[in-house]
Amino acid sequence: MTETPAFTVLLVDDDDVAAEAVVRGLRKHSMHCPIVIAEDGAAALQILRGTHVRKITKPYIVLLDLNMPRMNGIEFLRELRLDGALKGTVVFVLTTSGAEADRSRAYDHNIAGYMVKSAVGPQFSGLARFLTEYRSTMLFP
Amino acid sequence: MSLMTPTGLPREVIDNVTSQVLEFAPNGFALTMTDGSIVLVNAELERMFGYSRAQLLEFHIERLLPERFRQGHALLRDGNWNDFKPRNIGAGRELFGLRADGTEFPIEIGINALQTPGGMMVVETIADISVRKRLERMFQKIVEAAPCGILMIDGQGRIAMVNPQAELMFGYARTELIGNELEMLLPERLRAAHGSHRRAFAASPAIRQMGVGRDLTARRKDGSEFPVEIGLNPVAGDQDGLVLAAVTDITRRNTMQLELRQANANLEEFTYAASHDLKSPLRGISDLVEWIAEDLGADVSPAVARNLVRVSDRVRRLDRVIDDLLAYARAGATSSDAVMVDLQSLIDGVLEILPRPPGFRVRVHVQSQPFVTNKAPMESMLRNLISNAIKHHDRDAGTIEIRVEDIGRYCVFSIADDGPGIPPAHQERVFRMFQTLAPRNHEHTGIGLALSKRLVEAHGGWIKLDSTEGTRGTAFHVWWPRFQWRKNYD
């Protein structure tokens with residue numbers, strides 16, 4: 243097997259503990275890709291457009307929370323798909339909301355997947371496994 | 004006159020039959036001379052007025068009417084007998100007969116002139132209409148007392164009758180309504196369309212709700228409009244195509260529906276917020292405690308280790324409380340996905356996944372036919388009640404009896420245990436949210452009964468607790484309707 247292509251993860255979540263939980267969860271399950279954190283949709287857009295102090299390199303995927311202040315996940319997706327340079331971005335929604343309405347609205351914006359964070363306790367092993375799989379089999383635009 | 008009739012029967016036979024028919028006819032019958040003196044009567048006339056035949060043959064016909072009607076009746080015999088038109092008197096106005104004992108009773112008289120070889124005679128047929136008048140009064144009473152507006156509409160779409168509620172509802176007096184077109188009670192913009200609806204109904208009349216699924220609007224005399232519900236009942240066999248319309252003003256109901264819808268929307272919003280805004284920080288706390296424990300490693304004082312466990316326990320409990328609250332909030336909403344439910348297999352399924360200590364026996368007796376209902380809430384209710392019976396048992400061994408039987412339109416569940424029982428003082432409290440009689444560290448939050456009660460009531464049933472002071476055991480009885488309430492049209 244050839245060397246697996248690496249990607250960077252842009253993690254968009256307003257809750258720093260939730261974000262750290264994702265980071266720790268991925269690290270614990272041997273997912274050692276670079277991770278950049280954005281505290282809301284607006285910051286995430288700045289990072290992707292290169293106007294933020296935090297920088298990101300291609301290829302990357304976005305793990306997006308929906309419920310955030312300033313610019314929430316759906317507003318971020320709307321803006322992202324209107325941006326000619328960014329509209330092809332691979333976005334996975336990672337949220338606590340299993341609500342039908344949220345899910346269908348997110349899929350309307352061409353997300354690659356929708357994952358509901360489980361209740362308290364260990365999680366993310368499935369996410370880590372999925373991202374490892376994803377990294378080894380996907381070709382990026 | 005020949006002795007044989009066209010039917011081949013001898014004349015005497017026919018005459019005999021005719022007089023028999025007359026004698027036993029259900030109406031009173033009197034033949035009089037043109038001056039009103041009675042010459043022939045039948046048995047019914049004797050019975051009706053309480054005179055003997057001999058007495059009647061002494062009378063003028065007017066003697067059978069109260070004083071106030073006599074002159075008018077006698078006048079009927081004045082005039083030209085050759086173009087006398089048969090007529091019915093009493094129809095349309097009150098006419099009474101006068102009995103021998105002086106009492107009066109409502110009658111109708113048919114009167115005709117008869118040319119006989121003995122000269123001109125008058126035939127009077129008298130019907131006792133007390134029964135019909137009584138029915139009319141009953142009908143009148145029902146219509147007047149009905150809680151909704153009632154309108155009788157004739158085949159031409161004109162108002163033939165209204166009750167006081169209809170007058171009140173529309174703001175018109177009876178006299179302003181009778182004889183006028185029904186469409187006067189509609190907003191002008193709807194009148195033309197209504198006329199064609201009405202004609203379509205007249206073509207195939209049936210008892211039905213009008214405008215199902217649509218909002219019906221009526222108009223008062225002052226021009227204001229209000230929402231109505233209308234039931235249409237064609238009067239069976241009526242030549243005129245009479246239709247009885249029952250009109251209910253649903254302003255209040257609509258307002259309540261709107262408020263209810265708003266309350267439900269608020270609740271949904273709350274549920275959504277609770278599931279996210281309460282659970283996210285809680286998840287954070289849970290993670291942080293886990294990380295602290297990880298960072299401390301094995302090198303930690305017993306007190307700190309114990310307190311970390313206590314924090315985690317409480318976080319888990321709060322998480323469960325939030326889940327229960329959400330379940331309780333959702334329990335009020337009845338879903339529409341009803342399926343055929345077989346109680347035996349439903350209970351077997353619940354028992355299969357319910358953990359219970361080895362000493363516990365569960366006996367199930369189902370005498371109920373499968374029926375269509377919402378399965379998930381019923382299952383949830385049963386799981387709660389059965390697991391309560393096990394959890395709250397105070398001994399290592401116990402027996403739980405589950406009975407299901409059909410009583411009337413209900414399917415009745417009884418879940419009886421031989422546990423400690425519930426003292427009367429606590430019997431009301433146990434149905435309230437987060438009330439539990441067990442110590443706090445148990446694996447439950449005290450929502451089970453409140454949730455069960457809400458689920459049962461949301462489906463039109465009720466739940467009752469049965470536990471006697473001084474004896475062991477608690478039984479819960481649940482009445483669950485076997486038939487769905489018809490859903491509202493909205």
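Protein sequences, first through last, are from chains A and B. Just so you know, we're using the numbering used here here: the first sequence kicks off at 243 and counts up by one. Just so you know, we're using the numbering used here here: the second sequence kicks off at 4 and counts up by one. Heads up, the beta-carbon is just placed ideally off N, CA and C, and yes, glycines get one too.
Where B:Leu-458 falls, given that 16 or more other Cβ within 10 Å makes a residue buried: buried
Exposed unless 16 or more other CB atoms sit within 10 angstroms - verdict on B:Glu-47: buried
Amino acids of chain A, ordered along the chain, whose beta-carbon sits closer than 8 Å to that of B:Met-287: According to the sequence displayed, residue 287 of chain B carries Gly and not Met. Those within 8 Å of B:Gly-287 in chain A are Asp-257, Val-259, Ala-260 and Ala-263.
3-residue-minimum beta strand (DSSP E) runs that sit fully inside the region 312-351 of chain A, ordered along the chain: 332-337
C-beta atoms of A:Val-264 and A:Phe-366 nearer than 8 Å: yes
Secondary structure of B:Phe-32, DSSP reduced to three states: strand
Bridge partners - B:Arg-406, DSSP secondary structure assignment: B:His-368 and B:Ser-417
For B:Val-433, the three-state DSSP class (helix, strand or coil): helix
Within-8 Å CB hit, A:Thr-206 to chain B: Here chain A covers residues 243 to 383 and nothing more, so residue 206 of chain A does not appear.
B:Pro-389 and B:Ile-418 closer than 8 Å at C-beta: The sequence as given places Ile at residue 389 of chain B; Pro does not occur at that position. It is a contact, given that the beta carbons lie within the stated cut-off.
Helix, strand or coil at B:Met-381 [DSSP, three-state]: helix
Pair within 8 Å by beta-carbon distance, A:Ile-303 and A:Phe-249: yes
Those residues which DSSP pairs with B:Gly-122 across a bridge: B:Thr-119
CB contact flag (B:Leu-263, B:Ala-248, <8 Å): no
Residue-chain proximity (B:Lys-490, chain A), Cβ-Cβ < 8 Å: Low confidence applies to B:Lys-490: its pLDDT is 49, below 50, so where it sits in the model is not reliable, and the reading given next is rough at best. Chain A contact via Cβ: absent.
Per-residue burial, B:Glu-127 [other beta carbons within 10 Å of its own, 16 or more giving buried]: buried
Contact set between the region 312-345 of chain A and chain B, restricted to residues whose Cβ is under 7 Å from the partner: Thr-338, Ser-339 and Ala-341
Contact list for B:His-368 against chain D, beta-carbon separation under 7 Å: The chain inventory of the structure shown lacks chain D, comprising the protein chains A and B.
Contacting residues, own chain, Cβ-Cβ under 6 Å from B:Ala-478 (five flanking each side not counted): Ser-417, Ala-419 and Asp-469
is_contact[A:Phe-366, chain B] using C-beta, thresh 8 Å: no
Of the listed residues A:Arg-269, A:Leu-319 and A:Pro-301, nearest to A:Asn-309 (C-alpha basis): A:Leu-319
Short CB-CB distance (under 8 Å) between B:Asp-225 and chain A: no
Close-in-space but distant-in-sequence residues of the same chain around B:Ala-296 (CB under 7 Å, 5 per side omitted): Leu-311
Neighbourhood of A:Ile-317 by C-beta, 6 Å cutoff - its chain only, sequence neighbours within 5 removed: Residue identity check: residue 317 of chain A is Glu in the sequence provided, not Ile. Once the five neighbours on either side are set aside, the close Cβ partners of A:Glu-317 are Gly-283.
Buried or exposed (CB count within 10 angstroms, at least 16 for buried), B:Phe-173: buried
Unbroken beta strand (DSSP E) run spanning B:Thr-274, endpoints: Taken as a continuous stretch (DSSP letters only), B:Thr-274 belongs to no beta strand (DSSP E), being part of the alpha helix (DSSP H) at 254-276.
Option in B:Leu-188, B:Ser-283, B:Gln-159 and B:Leu-346 with minimal Cα separation from B:Ala-169: B:Leu-188
Beta-bridge partners of B:Gly-100, as assigned by DSSP: B:Phe-108
Cα-Cα separation between B:Arg-96 and B:Arg-255, rounded to whole angstroms: 42 Å
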